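A short write-up of the structure that comes next.
2 protein chains.
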Amino acid sequence: MAVGLEVLKNYHPVKGVRIGIAQAGIKYAGRNDLVIFELAQGSRVSGVFTLNAFCAAPVQVSKKHLTKADVRYLVINTGNANAGTGPQGMSDALATCEQLAQLTGVAAHQILPFSTGVIGEPLPMVKLLAGLPTALANLASDVWSVAAEGIMTTDTLPKGYSQQVEIAQLDGNSIDSKNTDLITISGISKGAGMIMPNMATMLAYLTTDAVIAKPLLDIMCKELADKSFNRVTIDGDTSTNDSCMLIATAQAEMAEISSKDDPRYGAMFDALLEAFMILSHAIVRDGEGATKFVTMEVQQAASVQEALDVAYTVAHSPLVKTALFACDANWGRILAAVGRAGVQNMILEDIDIYLDDVCIVKSGGRAASYTEEAGAAIFAQPEITISIRLGRGDITERVWTTDLSHEYVSINADYRS
Amino acid sequence: MAVGLEVLKNYHPVKGVRIGIAQAGIKYAGRNDLVIFELAQGSRVSGVFTLNAFCAAPVQVSKKHLTKADVRYLVINTGNANAGTGPQGMSDALATCEQLAQLTGVAAHQILPFSTGVIGEPLPMVKLLAGLPTALANLASDVWSVAAEGIMTTDTLPKGYSQQVEIAQLDGNSIDSKNTDLITISGISKGAGMIMPNMATMLAYLTTDAVIAKPLLDIMCKELADKSFNRVTIDGDTSTNDSCMLIATAQAEMAEISSKDDPRYGAMFDALLEAFMILSHAIVRDGEGATKFVTMEVQQAASVQEALDVAYTVAHSPLVKTALFACDANWGRILAAVGRAGVQNMILEDIDIYLDDVCIVKSGGRAASYTEEAGAAIFAQPEITISIRLGRGDITERVWTTDLSHEYVSINADYRS
Numbered sequence: 013m014a015v016g017l018e019v020l021k022n023y024h025p026v027k028g029v030r031i032g033i034a035q036a037g038i039k040y041a042g043r044n045d046l047v048i049f050e051l052a053q054g055s056r057v058s059g060v061f062t063l064n065a066f067c068a069a070p071v072q073v074s075k076k077h078l079t080k081a082d083v084r085y086l087v088i089n090t091g092n093a094n095a096g097t098g099p100q101g102m103s104d105a106l107a108t109c110e111q112l113a114q115l116t117g118v119a120a121h122q123i124l125p126f127s128t129g130v131i132g133e134p135l136p137m138v139k140l141l142a143g144l145p146t147a148l149a150n151l152a153s154d155v156w157s158v159a160a161e162g163i164m165t166t167d168t169l170p171k172g173y174s175q176q177v178e179i180a181q182l183d184g185n186s187i188d189s190k191n192t193d194l195i196t197i198s199g200i201s202k203g204a205g206m207i208m209p210n211m212a213t214m215l216a217y218l219t220t221d222a223v224i225a226k227p228l229l230d231i232m233c234k235e236l237a238d239k240s241f242n243r244v245t246i247d248g249d250t251s252t253n254d255s256c257m258l259i260a261t262a263q264a265e266m267a268e269i270s271s272k273d274d275p276r277y278g279a280m281f282d283a284l285l286e287a288f289m290i291l292s293h294a295i296v297r298d299g300e301g302a303t304k305f306v307t308m309e310v311q312q313a314a315s316v317q318e319a320l321d322v323a324y325t326v327a328h329s330p331l332v333k334t335a336l337f338a339c340d341a342n343w344g345r346i347l348a349a350v351g352r353a354g355v356q357n358m359i360l361e362d363i364d365i366y367l368d369d370v371c372i373v374k375s376g377g378r379a380a381s382y383t384e385e386a387g388a389a390i391f392a393q394p395e396i397t398i399s400i401r402l403g404r405g406d407i408t409e410r411v412w413t414t415d416l417s418h419e420y421v422s423i424n425a426d427y428r429s
Numbered sequence: 013m014a015v016g017l018e019v020l021k022n023y024h025p026v027k028g029v030r031i032g033i034a035q036a037g038i039k040y041a042g043r044n045d046l047v048i049f050e051l052a053q054g055s056r057v058s059g060v061f062t063l064n065a066f067c068a069a070p071v072q073v074s075k076k077h078l079t080k081a082d083v084r085y086l087v088i089n090t091g092n093a094n095a096g097t098g099p100q101g102m103s104d105a106l107a108t109c110e111q112l113a114q115l116t117g118v119a120a121h122q123i124l125p126f127s128t129g130v131i132g133e134p135l136p137m138v139k140l141l142a143g144l145p146t147a148l149a150n151l152a153s154d155v156w157s158v159a160a161e162g163i164m165t166t167d168t169l170p171k172g173y174s175q176q177v178e179i180a181q182l183d184g185n186s187i188d189s190k191n192t193d194l195i196t197i198s199g200i201s202k203g204a205g206m207i208m209p210n211m212a213t214m215l216a217y218l219t220t221d222a223v224i225a226k227p228l229l230d231i232m233c234k235e236l237a238d239k240s241f242n243r244v245t246i247d248g249d250t251s252t253n254d255s256c257m258l259i260a261t262a263q264a265e266m267a268e269i270s271s272k273d274d275p276r277y278g279a280m281f282d283a284l285l286e287a288f289m290i291l292s293h294a295i296v297r298d299g300e301g302a303t304k305f306v307t308m309e310v311q312q313a314a315s316v317q318e319a320l321d322v323a324y325t326v327a328h329s330p331l332v333k334t335a336l337f338a339c340d341a342n343w344g345r346i347l348a349a350v351g352r353a354g355v356q357n358m359i360l361e362d363i364d365i366y367l368d369d370v371c372i373v374k375s376g377g378r379a380a381s382y383t384e385e386a387g388a389a390i391f392a393q394p395e396i397t398i399s400i401r402l403g404r405g406d407i408t409e410r411v412w413t414t415d416l417s418h419e420y421v422s423i424n425a426d427y428r429s
């Protein structure tokens, strides 16, 4: 049921990144469920993690290890989230790092562990540790599409991004208009909701060979995630394991970008933003039971917070989501959701709402020009933008979401029945 | 599909209250859709209304009229919410009051209008006004069950409450242990979500002949609603028309209760609370597609706000709601929802979760004593209490909710298709 999502076949390898994959049999036999990223010495790694108070053991370990020395390996298992597993879960996550450290000759704190799958069951450590040598034995730079499949749980399609971008060189403190450096950006993500009994959930790994200073990379990773992964919602259920990693191996031939004042910064940010956007939107497109990919846009807000409050309230409204599924351009439900978003002193008569470019609500009531046929035509499309204009300021924010379909209920309710 | 909801057949009339009903044909011909409450002179009326910023025209008029002189009539139509109707909606709500005032000889501001039904369509004023004389012509004190049906929209069952209660008399400043006054409490409510295209939504009218001073009645109405109607949630979608009215006609033979210091106050509050609880829970029991009636209880919270934040986050989680529908005792989903409720410095290891009296999560992980069979047995019941113990304080709060079923999606998505 994925909406407008195609499988990426050709990935550009990223200098300084090799990937090893194994079938460890963590939940099912005969499927790739263990993925190791090997990063060249000198790679810079940034990450943002779930804000769920009960973040999983591997998330806690990864956050701690990120504050220490250079990261050299990421180890990712599917089939088990190692969340809600108490002290045993912490010691299992650490033991995974220690075993991989022994096999590779780095320190345990140079390794970041990630898990996704069932919550509350102990990691099958014997199987997981036995898979590590196999994954290391087949490290390669051209196996991205296998890795994208290797981190899936119940995603219906693998999710990937790969581009090469020309970044202008520097000429003193300015852009050199003639010469460019070629950099590569490749990444994969997984997630389709907190799907299946206890599945948890969103993982993303974006890599580039660009040379970006670590402090700047940290800032960029946060800002990029805020515009992409932190703006998508399927069911509003933040999982215990969400992680998004941005890796710059610094292997490209280019001068380092170390501050936002660098004239190349904007181009670098935009190139990475495209990767973040596509990989985060891919998760929505493959959302549980999704039949619609919806851009919820709030314009003319007085602040970013109120724009997001309105956008999320509408995006999470079960009544709006079921109307989307029904292709029913039900503006009363949208308006009622805007009204309960908690924004102070909002004036109904200032509100306009557009479906793509069709005005459906003007000054708080049905637009005179609106026809049911025009609304139905928009809502029949698989991709829709709902624009809500508050008439309070000049801030615009967007979030991306799906509809609520019978299939969503089936996926989440019928699985164990 | 209503869960544990029976139709009340016998209502006690309330001294000072007469009800008139008409078939005005507002949306459908041949059904009762116009209800008038006539209140004896000297009745005290309090109300709480939707916090939706875009409250409907009749809500705005009722709030304004409540600040003025004694209320003598309530006029309620179904089939049209008169919401999202702009200046025309305001003038229609006022015109309804004016016409009824002319017919009854009271002032227009002594009338409170209420509407429920489709959002965004103009009130059919000719039909509505034509229905007023009919409704007035058949005013009677014993037609509560007809009134309960007359305010329904797509509720599957009418919702009512009626009890007579002995309230001790006063002996100076103390309770007279021998003599009591008999008072009556009767009420009706409607609502089952913001159901059908644009339906809006929850209405409740609770009346008593008890003699309660208006300032105290205002305080009691707010406190009672906070414990009942403000603690139920089906889909989290606060409508534009929610109204809950508490009416004391002061016709009973008893000394007035005018402060919380009155020794009879506790008994009076508890008697009304039972009515508020039963009428608000009836709305959940008749919730859209409901197969479960769930008490979401948060214990050991440090504050009321954090208890409610956790309770509502879990109650609104689509993953928890679909698990309830599936009779799947999925504690990982509950735990993950608790973790994203935004409570600061929550410690996973302090969390216990009970299903009725079965401990499923102990110290943040699966309880050693828990078995799938025990959990499945609880979840197979139509009524369940989920208790979440935070280990942070001694505050307990409860909210009441339903599951998320295929039927919910059908009701909200398939209607116009």
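Just so you know, the protein sequences line up as chains A and B, in that order.
Everything in the first sequence is counted per this note's numbering, starting at 13 for the first residue and increasing by one.
Everything in the second sequence is counted per this note's numbering, starting at 13 for the first residue and increasing by one.
Cβ coordinates follow ideal geometry from the N, Cα and C atoms, glycine included.
Every value quoted in this text rests on a predicted model; they were computed, and no experiment measured them.
Neighbourhood of residue i by C-beta, 6 Å cutoff - its chain only, sequence neighbours within 5 removed
| i | result |
| --- | --- |
| A/Met-211 | In this predicted model, A/Met-211 has a pLDDT of only 45, less than 50, meaning its place in the structure is not dependable enough to derive any value. |
| A/Ala-160 | Pro-170, Gly-172, Ile-200 |
| A/Ile-496 | Summary: the structure shown does not reach residue 496 of chain A, with chain A confined to residues 13 through 429, and so no result is reported for it. |
| A/Arg-401 | Gln-311, Gln-312, Asp-364 |
| B/Ala-34 | Leu-46, Gly-143, Thr-146, Ala-147 |
Whole-Å CB distance - residue i paired with residue j, under 8 Å assumed
| i | j | result |
| --- | --- | --- |
| B/Gly-278 | A/Gly-96 | About 43 Å; that fails the 8 Å criterion. |
| B/Gly-143 | B/Tyr-173 | Between B/Tyr-173 and B/Gly-143 the Cβ distance is about 26 Å, and since that is not below 8 Å, they are no contact. |
| B/Leu-106 | B/Ile-38 | Rounded, the Cβ-Cβ distance is 18 Å, inconsistent with contact. |
| A/Leu-20 | A/Ser-157 | 7 Å |
| A/Leu-78 | A/Leu-17 | Incorrect: roughly 30 Å between the Cβ atoms, too far for contact. |
| A/Asp-363 | A/Leu-347 | Asp is not the amino acid found at residue 363 of chain A; the sequence shown has Ile there. The Cβ separation is near 7 Å, so the contact holds. |
| B/Ala-260 | B/Ser-55 | 7 Å |
| A/Ser-417 | A/Thr-303 | 6 Å |
| B/Cys-339 | B/Ala-388 | 7 Å |
| A/Val-83 | A/Leu-51 | 6 Å |
| A/Ala-69 | A/Gly-101 | 4 Å |
| A/Leu-151 | A/Gly-28 | Not a contact, Cβ separation roughly 12 Å. |
Beta-carbon proximity list for residue i, same chain, < 7 Å, skipping 5 on both sides
| i | result |
| --- | --- |
| A/Ala-425 | none |
| A/Pro-25 | Ser-153, Asp-154 |
| B/Lys-75 | Phe-61 |
8 Å Cβ shell around residue i - same chain, five flanking residues per side excluded
| i | result |
| --- | --- |
| B/Cys-371 | Asp-364, Ile-365, Ala-379, Ser-381, Tyr-382 |
| B/Ser-422 | Gly-301 |
| B/Gly-12 | The question about residue 12 of chain B has no answer, for chain B in this structure spans 13 to 429. |
| A/Ala-119 | Ala-81, Ala-113 |
Exercise. Please list the residues of the region 411-428 of chain A that have a C-beta atom closer than 9 Å to any C-beta atom in chain B, keeping them in chain order.
Key: Asp-415, Leu-416, Ser-417, His-418, Tyr-420, Val-421, Ser-422, Ile-423, Asn-424, Ala-425, Asp-426, Tyr-427, Arg-428
Practice problem: Count the C-beta pairs between the region 305-318 of chain A and the region 211-227 of chain A that are closer than 8 Å, then say yes if the count reaches three, no if not. | Solution: no
Practice problem: Count the C-beta pairs between the region 61-68 of chain A and the region 352-360 of chain B that are closer than 8 Å, then say yes if the count reaches three, no if not. | Solution: yes
Exercise. Give the residues from the region 94-105 of chain A that approach chain B closer than 8 Å (Cβ to any Cβ), ordered along the chain.
Key: Ala-95, Gly-96, Thr-97, Gly-98
Quiz item: Taking contact to mean at least 3 C-beta pairs separated by less than 8 Å, is the region 172-179 of chain A in contact with the region 190-200 of chain A?
Solution: yes
Exercise. Report the residues of the region 339-365 of chain A with a CB closer than 9 Å to any CB of chain B, ordered along the chain.
Key: Cys-339, Asp-340, Asn-342, Trp-343, Gly-344, Arg-345, Leu-347, Ala-348, Ala-349, Val-350, Gly-351, Arg-352, Ala-353, Gly-354, Val-355, Gln-356, Asn-357, Met-358, Ile-359, Leu-360, Glu-361, Ile-363
Exercise. Flag this pair as touching only if the region 282-299 of chain B and the region 84-100 of chain B have three or more C-beta atom pairs under 8 Å; answer yes or no.
Key: no
Practice problem: With a floor of 4 residues, list each alpha helix (DSSP H) that falls wholly inside the region 295-381 of chain B, ordered by position along the chain. | Solution: 316-328, 330-337, 343-351
Quiz item: Does the region 230-246 of chain A touch the region 401-419 of chain A, meaning 3 or more C-beta pairs lie closer than 8 Å?
Solution: yes
Practice problem: State whether the region 318-328 of chain A contacts the region 254-264 of chain A, with contact taken as three or more CB pairs (one from each stretch) at a distance under 8 Å. | Solution: no
Practice problem: Give the residues from the region 54-74 of chain A that approach chain B closer than 9 Å (Cβ to any Cβ), ordered along the chain. | Solution: Thr-62, Leu-63, Asn-64, Ala-65, Phe-66, Cys-67
Quiz item: Between the region 123-137 of chain B and chain A, which residues of the former have a C-beta closer than 7 Å to a C-beta of the latter?
Solution: Ile-131, Gly-132
Quiz item: Could you give the uninterrupted runs of the beta strand (DSSP E) lying entirely in the region 175-246 of chain A, keeping only those of 3 residues or more?
Solution: 186-202, 215-220
Exercise. May I ask you to list, following chain order, the residues of the region 300-312 of chain A that have a beta carbon less than 8 Å from some beta carbon of chain B?
Key: none
Self-check item: Residues of the region 252-282 of chain A with Cβ closer than 8 Å to any Cβ of chain B, in chain order
Solution: Thr-252
Quiz prompt | Contact list for the region 311-337 of chain B against chain A, Cβ threshold 8 Å | solution = His-328, Ser-329, Pro-330, Leu-331, Thr-334, Ala-335, Phe-337
Self-check item: Those runs of the alpha helix (DSSP H) which lie wholly inside the region 46-133 of chain B and span at least 4 residues
Solution: 69-78, 98-116
Quiz item: Relative to chain B, which residues along the region 366-398 of chain A have a C-beta separation below 9 Å, given in chain order?
Solution: Val-373, Ser-375, Gly-376, Gly-377, Arg-378
Quiz item: Three or more C-beta pairs closer than 8 Å, one from the region 80-89 of chain B and one from the region 274-289 of chain B: is that the case here?
Solution: no
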